[in-house]
Amino acid sequence: MQIPLVSFVSLALLTGSASSKTVFSGLSVNGVDQGHAVGVRVPSSNNAITDVNSNDIICNTNFIQPVSDTVIKVPAGSQVTAQFHHTSAGYTGLADPSEPLDPTNKGPVTAYLAAVPDATQPTVTGLKWFKVWQDGYNSETHQWASDRLFLNKGNATFTIPSCIASGQYLLRAEAIGLQNAYTYPGAQFYMSCAQIEVTGGGSATPQTVSFPGAYATNSASIITNIYGITDYTPPG
Ligand SMILES: *[C@@H]1O[C@H](CO)[C@@H](O)[C@H](O)[C@H]1NC(C)=O
């Protein structure tokens, strides 16, 4: 296939350092890959969500159709891996210096759960979310979660708490780009939601936040100059 040069030029501009672009599009459970776009609502664009007060901050928008109707079984206490790649196509094997995200992207990676009656339900507003994992900035190594995500080839691995109730959940995993977050809007939010069913859980009732709502436009976690930073706390 012949691709006109202009495509490469505009692609290079689009993938410049200001906008890193990454998409969470697949989940592994205890190291078993469930497949690309299986049980994950994959946005068709890798553009960032930047409005923390929009409903798009919940689970992203404009999903690849049809959205998977798979609900992934996740034993409580198991390790899951949210797989991020540069585009919504997932891992393509093509040489891409911005796979799974551009290394100039700097920021935290977070994961939340919200209990739902049915993990395939389209409705994502009004849910109560609790954070199950976050990775921020290590001030000794000066390494960001995004650096670790890059080194791990897009795999963000964390534990689903063993204490939470069994049942269906949306799992919201997110990479945040702060390299342009001097003002609001500037921080870039890249998230998708996976559809899971937690089995063998407990009875804990975690404290929750709402989306939108969990992220404030004046938060020091969202407006920040990362160059010369000494300490950082992820939002939420
Ligand atoms: C990332 O996860 C996928 C799917 O589980 C796995 O095949 C791959 O080996 C992992 N890559 C790294 C670098 O851990």
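Residue numbering for the sequence shown is -20 to -1, 1 to 216, as defined by mature numbering (1 follows the signal peptide of the UniProt record, and there is no 0). All residues carry an ideal CB built from backbone N, CA and C; glycine is no exception.
Of all C-beta pairs linking the segment 72 to 82 to the segment 182 to 193, fewer than three are shorter than 8 Å, placing the two stretches out of contact. Distance from the CA atom of residue 199 to the CA atom of residue 112, rounded to whole angstroms, is 20 Å. Taking non-hydrogen atoms of ligand 1 into account, the C-beta of residue 61 is found less than 8 Å away from one of them. The three-state secondary structure of residue 173, taken from DSSP, is strand. Residue 62 is positioned such that its CB atom lies closer than 9 Å to that of residue 174. Under DSSP, residue 117 shares a beta bridge with 124.
Distances taken from the Cβ of residue 54 to the heavy atoms of ligand 1 include none shorter than 8 Å. For the set 98, 135, 107, 88, the Cα lying nearest the Cα of residue 124 is the one of 88.
Sequence-distant partners of residue 76 (beyond 5 residues in either direction) whose C-beta falls short of 7 Å from its own C-beta, in its chain, are 66.
The nearest non-hydrogen atom of ligand 1 is less than 8 Å from the C-beta of residue 12.
Rounded to whole angstroms, residue 143 and residue 109 show a C-alpha spacing of 16 Å. Under the three-state reduction of DSSP output, residue 81 falls in the coil class, being neither helix nor strand. Counting the other Cβ atoms within 10 Å of the Cβ of residue 7 gives 16 or more, which makes it buried. In the displayed model, residue 36 falls within a helix according to three-state DSSP.
Taking 8 Å as the cut-off, one finds at least one heavy atom of ligand 1 near enough to the beta carbon of residue 6. Comparing C-alpha distances from residue 148 to each of 100, 137, 39 shows the shortest one belongs to 100. Only buried fits residue 160, as 16 or more other CB atoms lie within 10 angstroms of its CB.
The beta strand (DSSP E) runs lying completely inside the segment 150 to 199 and spanning 3 residues or more are 168 to 179, given in chain order. Within the chosen limit of 8 Å, ligand 1 does not reach the beta carbon of residue 27 with any heavy atom. Here the alpha carbons of residue 86 and residue 56 stand approximately 31 Å from one another.
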